[in-house]
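Have a look at the structure below, then the notes.
Number of protein chains: 2
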Amino acid sequence: MKRITINDVAERANVSKSTVSHYLNNRFSYMGSDTKERIAKAVEELNYNPNFIAKSLKNKKTMTVGIIVANILHSFSTQIIRAIEDYFYTKDYHVIVCNADDDPVKEKSYVQMLMSKQVDGLIVIPTLENELLFKDLYEQNFPVVFIDRYIEGLSIPSYLLNNALAIENAFNYLLEKKHKEIGFISQPVKNITPRVERKNAYLKSCQTHGIKPFTLSTSLDNLHTEIKNHLENNTMPSSLIVANDLALLEVLRSAKETGTVIPRDLSIISIDDIEFTEFFNPSLTVIAQPTFEIGKAAARGLFHTINHEHTDYSTHRFNHQFIERSSVKHEN
Amino acid sequence: MKRITINDVAERANVSKSTVSHYLNNRFSYMGSDTKERIAKAVEELNYNPNFIAKSLKNKKTMTVGIIVANILHSFSTQIIRAIEDYFYTKDYHVIVCNADDDPVKEKSYVQMLMSKQVDGLIVIPTLENELLFKDLYEQNFPVVFIDRYIEGLSIPSYLLNNALAIENAFNYLLEKKHKEIGFISQPVKNITPRVERKNAYLKSCQTHGIKPFTLSTSLDNLHTEIKNHLENNTMPSSLIVANDLALLEVLRSAKETGTVIPRDLSIISIDDIEFTEFFNPSLTVIAQPTFEIGKAAARGLFHTINHEHTDYSTHRFNHQFIERSSVKHEN
DNA sequence: TTGTACGCGTTATCAA
DNA sequence: TTGATAACGCGTACAA
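Going line by line, the protein sequences match chains U and B.
Per the UniProt record's numbering, residue 1 is the first one in the first sequence, and the count goes up by one each step.
Per the UniProt record's numbering, residue 1 is the first one in the second sequence, and the count goes up by one each step.
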């Protein structure tokens, strides 16, 4: 198949290609009206679309930003992506989405791929295992922003939940409902910002209120078997704070398999609001993140630094929304 | 920020840029070993990544394919996307994903954008309202494949479920469970392939088995209120075949809101297997599509026509998997 | 008001 | 074994 170029248009309209270029870029105030018409007609007839690749090469701007998320299976990631796409759509920027699958090697190769594709900026939920890579980017002054996580000691701005506040809210709610046993479930904490912050906030609340800490922080597979074991052996606390949606799935799966009835046998509050929580039986009490707001703010921040309107290096915190439903039992 | 080019490498290594190019493209069988080393060192030190944009312009190949899905909210779409990405990853192709949001105007603008970005091929779940657009592409011999839907009278190959078989299976299962009332729920049918095929198969089964047809085919919002009305007025059949995941959500939401207990008050079988169906209360009996297989086959088909290995214009049908769980009651 | 010529970073051809 | 040069399609000085 042959692709139509500006030359084909010029030829058909009997003008030079620079005239066509002028026309296409709306610089035709002076142009002869018949010239304009001939060009318009040629563009129409040939169904011409400018070669974006050639334009980018010339302009040194691709009008494209890359998004790399640590793990696209999180509802948080997909919602964030939607918000970012929406924002950039209004600015005529395109977005390339990559999923690192929690693999630093993949993450690095995606960064290189995107740089090689000459993206104008990067929005990343980092795996946190590629410190050097991002340090380089930062030092080269390449526009990058983080979401949900950040790298200690690196001034790349990050947009994330006020995790401590969210956990406190959940904890206090369970206290109000007279729970004396409150556990915490998450994937392996490592140095992953939200996990660290959520677990620390949980532990702090335990201390403040004299609750005995109970935590399970391991891979999803292990979570599944360990939760089942505790449920079967009646060694599970009466209530659980679940750190994210993926962990929640394991809790629900395990509950189902062991015939555990929520909230009769187990109360839960989890972070991240996902579609089915509303009409699940029972409906699930949840801490929702303002994903749309976070994504939009990050996108706007990146857009501004790309266009040198201003650069900021600060951390941006966002507040959760507590959605009370029916997965917490009032103890007595 | 300054980007490193092949010229920088050449300068640093004290060779010409064509030599660097040779080196980078693994044509160094003859090259002097010291030359090789100098280039390697320069690439390393400068952290050079070839400019993919320039390469694409020169090669007239972007190693990139576009995916446009009618509506990304369908679990089917996201699973298909994963499968396609996985396949093309192994072929060193990149993928750009676009969501037309059921809007033909958006769809058209995405096609143009992707063509303008010089993608090598297109995989589309078409809205079916842009017949001319795809006809043009087809006639220009541009590589395109469809998934899930197809345009009548256009030889663009399509990869989709054997819908008739799937519905028959569900229908017969309900019959076996002694249901005398079997309804069908879907979004507006229009000319959308899977909806047409599923509804027709349903109606045919009704006729064959002397069941009185009951169908609700309207927008998700309307579905919500209409289902609720039927549930409240006791005018709902004893069992329902639900055409896809989005419609299923409305059924579940409505059931919840009206205190309808599944399967005691209402039995359901739905198409598309989504995460929570397994541990929902009750677990949901479901017709799963072989999304991974479909996506992979479509991707492979596109890859082959891009590389002129062979082109095929046929329709490819795939068989469903019936997953029996607990959302259907045995009537008596 | 329109056209010529050059450069963006790469690869390929051909010559040295 | 290496290098000079043209080309890919577009935008833009500058010239006409």
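We put the CB at the ideal spot given by N, CA and C, even for glycine.
Please read these numbers as outputs of a predicted model, since none were measured by experiment.
- Within the UniProt domain "HTH lacI-type" (4-59) of chain U, Asn-47, Asn-49, Pro-50, Asn-51, Phe-52, Ile-53, Ala-54, Ser-56 and Leu-57 place their CB atoms closer than 8 Å to a CB of chain B, listed in sequence order.
- Spanning the alpha carbons of Pro-237 of chain U and Phe-280 of chain B requires a straight line of approximately 23 Å.
- Shown here for Asn-172 of chain U: not one same chain residue has a beta carbon closer than 6 Å to its own, the five before and five after excluded.
- Interface with chain B (7 Å Cβ-Cβ cutoff): Met-1 of chain U is included.
- For the options B:Asp-272, B:Glu-278, B:Glu-309 and B:Gly-259, the alpha carbon positioned closest to that of Asn-234 of chain B is the one of B:Gly-259.
- Following the DSSP letters along the chain, one finds Phe-88 of chain B inside the alpha helix (DSSP H) bounded by residues 75-90.
- Residues of the region 115-147 of chain B with a Cβ closer than 8 Å to any Cβ of chain U, in chain order: Met-115, Ser-116, Lys-117, Gln-118, Asp-136, Gln-140, Asn-141 and Phe-142.
- In this structure, Asn-49 of chain U lies away from Ser-75 of chain B, with their beta-carbon atoms at least 7 Å apart.
- Of the other Cβ atoms in all chains shown, 16 or more fall within 10 Å of the Cβ of Leu-246 of chain U; this residue is therefore buried.
- Remark: C-beta atoms of Lys-329 of chain U and Ser-270 of chain U do not approach each other more closely than 7 Å.
- Taking all protein chains shown into account, Asn-26 of chain U has fewer than 16 neighbouring C-beta atoms within 10 Å of its C-beta and is therefore exposed.
- Taken through DSSP and simplified to helix, strand or coil, Thr-315 of chain U comes out as strand.
- Excluding residues up to 5 positions away in sequence, Ile-68 and Phe-146 lie with their Cβ nearer than 6 Å to the Cβ of Val-124 of chain B in the same chain.
- Within the region 265-276 of chain B, the residues whose Cβ lies closer than 8 Å to any Cβ of chain U are, in chain order, Glu-275 and Phe-276.
- Rounded to the nearest angstrom, the Cβ distance from Ile-53 of chain B to Thr-62 of chain U is 7 Å, consistent with a contact under 8 Å.
- Around the C-beta of His-94 of chain B, 16 or more other C-beta atoms lie within 10 Å, and the residue is accordingly described as buried.
- Exclusion of the five residues before and after Arg-38 of chain B leaves Ala-13 as the residues of its chain whose Cβ lies within less than 6 Å of its Cβ.
- Contacts between Thr-62 of chain B and chain U, judged by CB atoms closer than 9 Å, involve Ile-53 in chain order.
- If you compare the alpha carbons of B:Asn-163, B:His-316 and B:Ser-205 with that of Leu-174 of chain B, the shortest gap goes to B:Ser-205.
- The region 80-90 of chain U makes contact with the region 291-311 of chain U; the number of CB pairs closer than 8 Å reaches 3 or more.
- In this model, Thr-90 of chain U and Tyr-159 of chain U are separated by some 21 Å (Cα to Cα).
- Close to Phe-280 of chain U, with beta-carbon spacing below 8 Å, are these residues of chain B in chain order: Phe-276, Phe-280 and Asn-281.
- Ile-96 of chain U reaches chain B at Ile-96, counting residues in chain order whose Cβ is nearer than 7 Å.
- When Cβ pairs closer than 8 Å are counted between the two stretches, the region 181-199 of chain U is seen to touch the region 212-226 of chain U, the count reaching three or more.
- With contacts defined by Cβ atoms closer than 7 Å, His-320 of chain U and Ala-201 of chain U do not form a contacting pair.
- Only Leu-249 from the region 223-251 of chain U bring a Cβ to less than 9 Å from some Cβ of chain B.
- For Gly-295 of chain U, the enclosing alpha helix (DSSP H) covers residues 291-306.
- Cβ proximity to chain U below 9 Å picks out nothing from the region 319-331 of chain B.
- Proximity of the region 31-45 of chain B to the region 8-22 of chain B meets the contact definition, three or more beta-carbon pairs being nearer than 8 Å.
- Counting only residues of its own chain and dropping the five nearest sequence neighbours on each side, Asp-102 of chain B has a CB closer than 8 Å to the CB of Ala-70, Asn-71 and Thr-127.
- C-alpha of Leu-73 of chain U to C-alpha of Glu-232 of chain B: approximately 37 Å in a straight line.
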